[in-house]
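Worksheet for the structure shown next.
Residue numbers (UniProt numbering): 1 to 440.
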């Protein structure tokens, strides 16, 4: 809160400049009320105290307190009771973000065999009035078995959450991929979709594929996939003509199969000129790559056919795929190259033919490239943080051994790509990692 705003609040509260009147109290304007509450936004006890000032403050406090609501299996019921009262006004909170999870937050909670069968999400759909969550823009659903919902509840999801622009599904198990497709299509305003560890109970051979294709929401522009191993999830997303951003994350190299790579390629091509941003992560270290040929898989994702691709982000420690991957782009012969950012997290650590890489990045496809980003790793220890408060050390002291070593490491990386450096496009970032043997 700015100083002049504090003065205004004090003047209204204490009626400064006027003779005190025990019978007249100045009502604080809503604008100043909001400033006070927003100043206390991170302190729930303070917000609760504010809500007791007077009835006029209750509405504003609820708006701040319930902007985000997290419901777990063992915490959902008390929240449901808030709006089952005949005097409930919880709808006035205008909740913007709702996270519903079937797992518990109670320590040592018993999850054996029942994790997906909880009724927290079912309660959200059946126990609250339609206006309670009508302002929700981000909906997250975690550890839910779709069979816990009735047909009527499933059909009503989109209507109850008609303003949702971001949907996050994590460890949701559907009977079939049709249920997933119907769910996604039911959010008319959806723009961002995140899917993690989606599973189906019915195997592919058992499923009837005669159902009609469900069109994706017209404004869906971002799709993020994490641990998606079933191609049927991808089939539910193709085509996606509005797609601009695609991010994919796998833990192990073997999870990225040729079949999935082909589906990724089809998904991106279905967006044609709209697609701009491709990101791919494999979490495992390079030494855990047990013979997986990444280059063969990336051949199925033909980024050279995407005319307006502006950003590529690769977080993969394996070194063998990179030069062939970039080489295919260089040979594409695109007449209007658009690529602006190449973000390769492990680039500085790769054992590469640096001269060849430097030459590839001078091809016409990379002529409008503005930045080649990477992280330069340097370790530091207790000797490099002398004088810092004990705790989680983020970086060493300026002038310390590690700080000087970082400068040398960055200089060494830059020298490997002289042509790129001459263009001023190299963007090495400091990547400090704390490690001290004396603490182990």
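We treat Cβ as the ideally placed atom computed from N, Cα and C, and that holds for glycine.
- For residue 285, the closest alpha carbon among the candidates 296, 254, 132 and 300 is that of 254.
- Fully contained in the segment 330-391 are the following alpha helix (DSSP H) runs of length 4 or more, in chain order: 354-360.
- Here residue 398 is exposed. Its C-beta has fewer than 16 other C-beta atoms within 10 Å.
- A direct Cα-Cα distance of roughly 15 Å separates residue 189 from residue 156.
- Put simply, of 376, 250 and 101 the residue whose alpha carbon is nearest the alpha carbon of residue 288 is 250.
- Of the candidates 35, 38, 130 and 33, the residue whose Cα lies closest to the Cα of residue 80 is 130.
- If you look at residue 240, you'll find it isn't in any beta strand (DSSP E); DSSP assigns it neither H nor E.
- Across the set 154, 299 and 162, the C-alpha of 162 shows the shortest separation from the C-alpha of residue 135.
- In the structure shown, residue 176 adopts coil according to DSSP, grouped into three states.
- When the beta-carbon positions are compared, residue 339 and residue 309 come within less than 8 Å of each other.
- Rounded to whole angstroms, residue 242 and residue 362 show a C-alpha spacing of 31 Å.
- Spatial neighbours of residue 277 in its own chain (CB-CB distance under 6 Å, excluding positions within 5 residues in sequence) are listed in chain order as 245 and 311.
- A direct Cα-to-Cα measurement between residue 177 and residue 268 gives close to 20 Å.
- Between the segment 345-355 and the segment 312-320, the count of C-beta pairs closer than 8 Å reaches three or more; the two stretches touch.
- Listed as beta-bridge partners of residue 248 by DSSP are 225 and 280.
- Taken in chain order, the complete beta strand (DSSP E) segments of 3 residues or longer contained in the segment 125-196 are 138-145, 166-174 and 192-196.
- Pairing residue 292 with residue 202, the inter-Cα distance amounts to about 29 Å.
- Bridge pairing for residue 68: 97 [DSSP].
- Exposed is the label assigned to residue 259, since fewer than 16 other Cβ atoms lie within 10 Å of its Cβ.
- Secondary structure note for residue 313: its beta strand (DSSP E) is the uninterrupted segment 311-315.
- In summary, residue 336 is exposed, with fewer than 16 beta-carbon neighbours lying within 10 Å of its beta-carbon over all protein chains present.
- In this structure, the alpha-carbon of residue 372 lies about 8 Å from that of residue 420.
- Under the three-state reduction of DSSP, residue 429 is assigned to strand.
- Excluding the 5 residues flanking it on each side, residue 264 has same chain C-beta neighbours closer than 6 Å at 301, in chain order.
- Per the coordinates, the alpha-carbon of residue 408 lies some 10 Å from the alpha-carbon of residue 378.
- Between the beta-carbon of residue 164 and that of residue 180 there is about 16 Å, and that puts the pair past the 8 Å contact cut.
- Residue pairing by DSSP puts residue 199 in a beta bridge opposite 173.
- Here residue 256 carries a coil assignment [DSSP, helix/strand/coil].
- Within the same chain, 186 and 187 come within 6 Å of residue 158 by CB-CB distance, once the 5 residues on both sides are set aside.
- Residue pairing of residue 434 in beta bridges, as defined by DSSP: 380.
- Shortest Cα-Cα distance from residue 376 to any of 405, 271 and 144 involves 405.
- Here residue 143 is near residue 101, since their CB atoms are less than 8 Å apart.
- Note that the C-beta distance between residue 282 and residue 323 is not below 8 Å.
- Taken through DSSP and simplified to helix, strand or coil, residue 409 comes out as helix.
- Per the coordinates, the alpha-carbon of residue 125 lies some 16 Å from the alpha-carbon of residue 137.
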